[in-house]
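*Asks:* Chains as they are written, first to last, in the numbering used here: chain P, 220 to 549; chain A, 220 to 549; chain V, 220 to 549; chain C, 220 to 549. For each residue, glycine too, the CB sits at the ideal point set by N, CA and C.
4 protein chains.
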Amino acid sequence: MIRIGILGGAGYTGGELIRLLLNHPDAEIVFVNSGSNAGNKITDVHEGLIGETDMEFTDAMPFDHVDVVFFCFGHGKSEAFLKERTIPAHVKIIDLAQDFRIASPTHDYIYGLPEIHKEEIKNCCHLANPGCFATCIQLGLLPLAKAGLLTNDVAVNAITGSTGAGQKPGATTHFSWRNNNMSVYKVFNHQHLHEIRQSLTELQGSLEASIDFIPYRGDFARGIFCTEVVKFEGEEGSPTNPTGEQLAEMYKTFYATAAFTHYTDKQIDLKQVVNTNKALVHIDKFGNKAVITSVIDNLLKGAVGQAVQNMNLMFGIDETSGLRLKPSAF
Amino acid sequence: MIRIGILGGAGYTGGELIRLLLNHPDAEIVFVNSGSNAGNKITDVHEGLIGETDMEFTDAMPFDHVDVVFFCFGHGKSEAFLKERTIPAHVKIIDLAQDFRIASPTHDYIYGLPEIHKEEIKNCCHLANPGCFATCIQLGLLPLAKAGLLTNDVAVNAITGSTGAGQKPGATTHFSWRNNNMSVYKVFNHQHLHEIRQSLTELQGSLEASIDFIPYRGDFARGIFCTEVVKFEGEEGSPTNPTGEQLAEMYKTFYATAAFTHYTDKQIDLKQVVNTNKALVHIDKFGNKAVITSVIDNLLKGAVGQAVQNMNLMFGIDETSGLRLKPSAF
Amino acid sequence: MIRIGILGGAGYTGGELIRLLLNHPDAEIVFVNSGSNAGNKITDVHEGLIGETDMEFTDAMPFDHVDVVFFCFGHGKSEAFLKERTIPAHVKIIDLAQDFRIASPTHDYIYGLPEIHKEEIKNCCHLANPGCFATCIQLGLLPLAKAGLLTNDVAVNAITGSTGAGQKPGATTHFSWRNNNMSVYKVFNHQHLHEIRQSLTELQGSLEASIDFIPYRGDFARGIFCTEVVKFEGEEGSPTNPTGEQLAEMYKTFYATAAFTHYTDKQIDLKQVVNTNKALVHIDKFGNKAVITSVIDNLLKGAVGQAVQNMNLMFGIDETSGLRLKPSAF
Amino acid sequence: MIRIGILGGAGYTGGELIRLLLNHPDAEIVFVNSGSNAGNKITDVHEGLIGETDMEFTDAMPFDHVDVVFFCFGHGKSEAFLKERTIPAHVKIIDLAQDFRIASPTHDYIYGLPEIHKEEIKNCCHLANPGCFATCIQLGLLPLAKAGLLTNDVAVNAITGSTGAGQKPGATTHFSWRNNNMSVYKVFNHQHLHEIRQSLTELQGSLEASIDFIPYRGDFARGIFCTEVVKFEGEEGSPTNPTGEQLAEMYKTFYATAAFTHYTDKQIDLKQVVNTNKALVHIDKFGNKAVITSVIDNLLKGAVGQAVQNMNLMFGIDETSGLRLKPSAF
């Protein structure tokens, strides 16, 4: 039984992590820390857990009683926390924020995308869990990066559900505004571009091309729907310009051993993955260009689902343990 | 040209009022006051007006240049405002808050429901505009009250759009929570019950029966959908227990001269009135009970649409002026 | 391992049953019959199963290889099917249609509501699974029926998600119409009233009162949100008119051993149970009346989740096996 | 008074046209033809018109009594109709289908985009009304085409509401499927590309670049939200690579005289134009690329709103007559 501590457990990712771990056959939540909610029942904050747990939030951090701690802080707070507190060396850390996603001599966090780092993850003690947009966009492009085919600028359009904006109400998550609405934000300038470029560069060796990413606020709560347009050079069928069949084969091979990422021959819709840890990827060729579609649930494969997948790998248990979720489908 | 001043113009009702009045053939907005937004363009705050106006919010209140002023304050602030400021006697007031909806010797505000008070409205100087739930519920019950048929408790269930909760983001208007959700609030205890009972009593003479009102938060932005169940006594067809045909006829007659409230023989759906000033009402008989359905747009017939209808009456112009709106339908 | 056959597996309930059973630790799907889809992959029809199964629909019905068969036909077709085909005596039947929900000397089907029939279910071979509205409404009223308190007419308002209308597109499930809309149907005349009255009568001994049920079409896909208003007689605190505290205690006691139905002290919202097999119930007292709120997921506790719960009971395994589902919450 | 006949009046565009014309001060609907609905009331088919009209559908076509006829047929049926029937020469035709949008020696229809063809429209007798996606995409690109700046491939992503798919229910407009979902269709292959290229070529002289258009099915009923990414060549500030300020100025100038298309300095959201005939356009520069956002209501500026705008021009009346619509905003 993996013993678990959760820090920052009152937010959306904290709640989703608790929802997952309560049904995880090999894990046990030891404590859920929340400064603002200490003493309150978890069910007072997180919907849908009535009847499943009587736990309360605590302001204690009994690290000696856990094997792993999840950081569900906001971005920037993980690093700040570690400057003030020491986590015992035997306790593994899974950080859901972006603080340690970019490799650096100053830290030993592994970027936790199992599709490319499975062995490193198995052996690591400190893990930086990928961002939601970053996961969805990378899963669409990684096979091409591995083949060295990202030589032209890539047009990326990805639409996210409102839960990506977290629990705090604001103008762009106000129901009256967002319902039946559509908008863009952080055009060409989203912070996830850094980790995306890091992974693509790692696989391709170098990356000159620009990743032109337009993020959209979608009129739904869960999920990310992403399209990516890639342009190839040279004659169709040559190594630099594979045919549609060759591309599909390339993707199938790349994800053949992935636990949750599947290539599908058909067009994808978002709800095929909502409330699961799955990612679906599809590619079509048009002339010298390919259009890739990729979808994930932003709170699961895009956040705590992937974090639990990484935990499973870090503790040497079945990668899918606790993650065989019924899709909501509707 | 009716010259208009708006106080509290930065909120949802203020914005909707501006949207209406910009296209009103007989009205002219002279000033839109907003303390917090003074100096800002109206289009910076109110969506959908780009290209239609260059006006700015002001912190001035040039009452001498207007014929009527609309109070779009929050509840309780109209009365407070009038204790601090004096409105010239020739300037009519239309108050959208609930401060003066209940008749009292301490004020001369007329309750502005044209379906029952048209003559009083035409002659008044100060008008209290009805609440949104109150309008929808009353329109379903008024013909029965006039016939003295509300002798048993009435079961009222009414579902409101999120705009009823205003512009300020909060937990129950957070998109991630409200999307695809349903809940109730202020069960049997909604503040609009006072004005509802006042009108019903006025028409029926007295009202012993309870109005058991359950308000629901709906998963949409605009509109109120209401059902009401009434029980009759005596033999069917007798004066105290009309047949379905008699009831339908009673409703048609009652609303025959109403400008915006229509009886319809068919079942109603909410979107039939969204983005219009209309109300639709339908009644069915089942045994000794009748089920009434009534619908309005909460921001229009439930707020500023009705306020403009009242203004038209108060200034002796066509009741429908500026209110012949294209339904959004979808 | 319980070996399972599914008839009518291409519809919404069939798909949801497959989604559940693929992750059920004690069950194995042997065949999924569908006349119209024989030979097609299950993933061609049911979203969200890509990567989870390679099964195909079949037109065969190898009853000898299964322990239980689920009827996912439309209403009326189960009885018709059994007139043409014989199911071996050792094969249990769980019928999701309404054909056998009303007890009759002509059949031996048990009405499968575990909250009242757990022992009968454990020992039965043929089970009629309750309707979705019927489940939600009964769970709100059963404790009162058991206490003999349903002596006055009950006002029931229940709002259902669109999946209750099934897979076939139509005018009232057309997105352009239903999105942001609200409407009622089958007012006071819904077919589930029969099974509701049957259970209430069973617990209370007799039931003179009317159940006045207004069904609403909601603007969401999954779930039923129900309110029920009950009027009591006599002095508050007397046996015929319990206090709010007494009522809450009555509900807690009634559901103390229920696997998935929980009483909660707080107001409920629909998404607390979406994508789970749970039901939540809450009661408030106002004067001589009580307002009950109850919620379920119409496809799970309202259909196949409850069917699997019944299957677990019929085969003597843990009632919650395969049903500890992560709530979607958003 | 312009006397109007409508053919194919029972569909979504027919209904929206009726909603507009009922409030048009200079127009009068003489007949609404619908084969399938002849004899039925218009309010039986088109929601939201109860209380506004008592007209019935007719199977007659009294062309002698009208000045203009609107074809609201499905695509391909306009041309077929004209092979079987003759419209008197004095009756103008406005065709909402795509049959005559591409210029050809075989017909004299003018492509009705007022932003580029105002004079031709004023003088024409036969008009082909632009497609919805085509209108939104062109309005985002026309100023660049006029400046000869579309020399590189353009990445277009546009999300449409469900009303674009019409009135007939189907799998991808089924509420249970589409609600909270996202998907793409006709990738790089939408039929509107022909008319888009025609206009761009007209303004730019020639067009070598590809318009790479990905259409998305959005989770809302009304509107199109479009982004377009354009790459420039040469040094920033040179004629082939304008600065952001220069681009904004170019757009403002291009649309300075447009009645309904406005450039805005701020980011756009879809609901700013829903239920209006307006289009909003915004451009941002990032390095050598620009990102344009454009929005319209697909049924209004994208269909019958623009058709009425064209009618106004064809009859020499105020271009905005009958089209000063209150935005729904929510």
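Is residue 463 of chain P buried or exposed, if buried means 16 or more other CB atoms sit within 10 Å of its CB?
*Replies:* Residue 463 of chain P sits at position 244 when you count from the first residue of the first sequence. It counts as exposed.
*Asks:* Against chain V, with Cβ distances strictly below 7 Å, would residue 374 of chain A count as a contact?
*Replies:* The residue you call residue 374 of chain A lines up with position 155 of the second sequence. By this cut-off, residue 374 of chain A is an interface position.
*Asks:* Please tell me whether residue 495 of chain V has its Cβ less than 7 Å away from any Cβ of chain C.
*Replies:* As a working note, residue 495 of chain V is residue 276 in the third sequence. It does not: the Cβ of residue 495 of chain V has no partner Cβ on chain C nearer than 7 Å.
*Asks:* Can you give me the start and stop residues for the beta strand (DSSP E) that residue 292 of chain C sits inside?
*Replies:* Against the fourth sequence, residue 292 of chain C aligns to sequence position 73. Element bounds for residue 292 of chain C: n/a, residue is neither H nor E.
*Asks:* For residue 305 of chain V, count neighbouring Cβ atoms within 10 angstroms of its own Cβ and tell me buried if that reaches 16, exposed if not.
*Replies:* Position 86 of the third sequence, counted from the first residue, corresponds to residue 305 of chain V. Exposed.
*Asks:* Is there at least one Cβ from chain P nearer than 7 Å to residue 549 of chain V's Cβ?
*Replies:* As a first step, residue 549 of chain V must be located in the third sequence, where it is residue number 330. For residue 549 of chain V, the answer is yes, since a Cβ of chain P falls inside 7 Å of its Cβ.
*Asks:* Kindly list the residues whose CB is nearer than 8 Å to the CB of residue 371 of chain C, restricted to its own chain and excluding five residues on each side of it in sequence; keep chain order.
*Replies:* Here residue 371 of chain C is taken as the residue at index 152 of the fourth sequence, counted from 1. 428, 449, 450, 451 and 452.
*Asks:* Would you kindly work out how many angstroms separate the C-alpha atoms of residue 445 of chain V and residue 461 of chain P, rounded to a whole number?
*Replies:* Position 226 of the third sequence, counted from the start, is the residue given in the question as residue 445 of chain V. Position 242 of the first sequence, counted from the start, is the residue given in the question as residue 461 of chain P. About 56 Å.
*Asks:* When Cβ atoms are compared, which residues of the stretch 498-520 of chain A fall closer than 9 Å to chain V?
*Replies:* If the cut-off is 9 Å between Cβ atoms, the stretch 498-520 of chain A has 503, 505, 506, 508, 510, 512 and 514 near chain V.
*Asks:* Run through DSSP, which three-state label would residue 488 of chain P get?
*Replies:* In the first sequence, counting from the first residue as 1, residue 488 of chain P sits at position 269. It is a strand residue.
*Asks:* I'd like to confirm the pairing. Which residues does DSSP put opposite residue 503 of chain V in its beta bridges?
*Replies:* The residue you call residue 503 of chain V lines up with position 284 of the third sequence. Residue 503 of chain V pairs with V/510.
*Asks:* Starting from residue 387 of chain C, follow the beta strand (DSSP E) in both directions and report where the run begins and ends.
*Replies:* Your numbering for residue 387 of chain C matches position 168 in the fourth sequence. That residue, residue 387 of chain C, is in no beta strand (DSSP E); it is neither H nor E in DSSP.
*Asks:* Relative to the C-alpha of residue 458 of chain A, which residue among A/366, A/475 and A/376 is closest?
*Replies:* Against the second sequence, residue 458 of chain A aligns to sequence position 239. Answer by Cα proximity: A/366.
*Asks:* Let me make sure I understand the geometry here. Which of V/531, V/497 and V/435 has the alpha-carbon closest to that of residue 267 of chain P?
*Replies:* Within the first sequence, residue 267 of chain P is the residue found at index 48, counting from 1. Cα-wise, what sits closest to residue 267 of chain P is V/497.
*Asks:* Our contact map puts residue 528 of chain V next to residue 542 of chain V with C-beta atoms below 8 Å; I'd like the distance itself, whole angstroms only.
*Replies:* Position 309 of the third sequence, counting from 1, holds the residue named residue 528 of chain V. Position 323 of the third sequence, counting from 1, holds the residue named residue 542 of chain V. Going by Cβ atoms, the distance from residue 528 of chain V to residue 542 of chain V rounds to 6 Å, so yes, they are a contact pair.
*Asks:* Tell me where the beta strand (DSSP E) around residue 347 of chain P begins and ends.
*Replies:* Taking the first sequence and counting its residues from 1, the one referred to as residue 347 of chain P is at position 128. It spans 345-347 - the beta strand (DSSP E) in which residue 347 of chain P sits, taken as one unbroken run.
*Asks:* On the criterion of 16 or more Cβ atoms from any shown chain inside 10 Å, does residue 325 of chain V qualify as buried, or is it exposed?
*Replies:* In the third sequence, residue 325 of chain V corresponds to position 106, counting from 1. Answer is exposed; the Cβ neighbour count stays below 16.
*Asks:* Would you call the stretch 221-235 of chain C and the stretch 284-291 of chain C touching, i.e. three or more CB-CB distances under 8 Å?
*Replies:* Output reads yes: the stretch 284-291 of chain C touches the stretch 221-235 of chain C.
*Asks:* Mind the definition here: the stretch 476-488 of chain P touches the stretch 254-272 of chain V only if three or more C-beta pairs lie below 8 Å; say whether that holds.
*Replies:* Result yes; three or more Cβ-Cβ pairs closer than 8 Å.
*Asks:* Suppose contacts are defined by Cβ-Cβ distances below 7 Å. Is residue 302 of chain V in contact with residue 287 of chain V by that definition?
*Replies:* Residue numbering aside, residue 302 of chain V sits at position 83 when the third sequence is read from its first letter. Residue numbering aside, residue 287 of chain V sits at position 68 when the third sequence is read from its first letter. No, the Cβ-Cβ distance between residue 302 of chain V and residue 287 of chain V is not below 7 Å.
*Asks:* What residues of chain C sit near residue 440 of chain V, judged by a beta carbon separation below 8 Å?
*Replies:* Sequence index remark: in the third sequence, residue 440 of chain V carries index 221 (1-based). Simply 394, 395, 398 and 399.
*Asks:* Between the Cα of residue 468 of chain V and the Cα atoms of V/501, V/439 and V/455, which residue gives the shortest distance?
*Replies:* Here residue 468 of chain V is taken as the residue at index 249 of the third sequence, counted from 1. Answer by Cα proximity: V/501.
*Asks:* Could you list which residues in chain D have their beta carbon closer than 9 Å to that of residue 434 of chain P, in chain order?
*Replies:* Structure shown: chain D not included; protein chains present are P, A, V and C.
*Asks:* Less than 7 Å between the beta carbons of residue 402 of chain P and residue 381 of chain A, yes or no?
*Replies:* Residue 402 of chain P sits at position 183 when you count from the first residue of the first sequence. Residue 381 of chain A sits at position 162 when you count from the first residue of the second sequence. Going by C-beta atoms, residue 402 of chain P is not nearer than 7 Å to residue 381 of chain A.
*Asks:* Are residue 425 of chain P and residue 493 of chain P close, meaning C-beta to C-beta below 7 Å?
*Replies:* Numbered from 1 along the first sequence, position 206 holds the residue referred to as residue 425 of chain P. Numbered from 1 along the first sequence, position 274 holds the residue referred to as residue 493 of chain P. Cβ atoms of residue 425 of chain P and residue 493 of chain P: not closer than 7 Å.
*Asks:* Grouping DSSP H, G and I as helix and E and B as strand, with all else coil, what is residue 340 of chain V?
*Replies:* Mapped onto the third sequence, residue 340 of chain V falls at position 121. Correct three-state label for residue 340 of chain V: helix.
*Asks:* For the beta strand (DSSP E) that residue 226 of chain P lies in, which residues bound it at each end?
*Replies:* Position 7 of the first sequence holds residue 226 of chain P. Here the beta strand (DSSP E) through residue 226 of chain P covers 221-226.
*Asks:* List, in chain order, every chain P residue whose beta-carbon is nearer than 7 Å to that of residue 304 of chain V.
*Replies:* By 1-based counting over the third sequence, the position of residue 304 of chain V is 85. Those do not exist, as residue 304 of chain V stays about 30 Å from chain P at its closest Cβ, beyond 7 Å.
*Asks:* Here's a check: name, in chain order, each residue in its chain whose Cβ is nearer than 8 Å to the Cβ of residue 281 of chain C, leaving out the five neighbours to either side.
*Replies:* Your numbering for residue 281 of chain C matches position 62 in the fourth sequence. So the qualifying residues of the chain are 224, 249 and 250.
*Asks:* Once you ignore the five residues that flank residue 410 of chain P on each side, which residues in its own chain have a CB closer than 6 Å to its CB?
*Replies:* Within the first sequence, residue 410 of chain P is the residue found at index 191, counting from 1. Around residue 410 of chain P: no qualifying Cβ.
*Asks:* Considering only C-alpha positions, which residue in the set V/495, V/522, V/526 and V/431 is nearest to residue 507 of chain A?
*Replies:* One-based indexing of the second sequence puts residue 507 of chain A at position 288. Of the listed residues, the one whose Cα sits closest to residue 507 of chain A is V/431.
*Asks:* Restricting to Cα atoms, I'd like to know which of V/361, V/349 and V/545 is closest to residue 317 of chain V.
*Replies:* As a working note, residue 317 of chain V is residue 98 in the third sequence. Of V/361, V/349 and V/545, the residue nearest in Cα terms is V/349.
*Asks:* If you draw a straight line from the alpha carbon of residue 377 of chain P to that of residue 433 of chain P, how long is it in whole angstroms?
*Replies:* One-based indexing of the first sequence puts residue 377 of chain P at position 158. One-based indexing of the first sequence puts residue 433 of chain P at position 214. Their Cα atoms are separated by approximately 7 Å.
*Asks:* Using a Cβ-Cβ cut-off of 7 Å, state whether residue 363 of chain A counts as contacting chain V.
*Replies:* Working through the second sequence from its first residue, we reach residue 363 of chain A at position 144. By this cut-off, residue 363 of chain A is not an interface position.
*Asks:* In the DSSP assignment, find the unbroken alpha helix (DSSP H) run with residue 471 of chain A in it and report its ends.
*Replies:* Translated into positions along the second sequence, residue 471 of chain A becomes position 252. Taken as a continuous stretch (DSSP letters only), the alpha helix (DSSP H) holding residue 471 of chain A covers 463-473.
*Asks:* Under the DSSP definition of a beta bridge, which residues are partnered with residue 446 of chain P?
*Replies:* Numbered from its first residue, the first sequence carries residue 446 of chain P at position 227. P/376 and P/512, per the DSSP bridge assignment.
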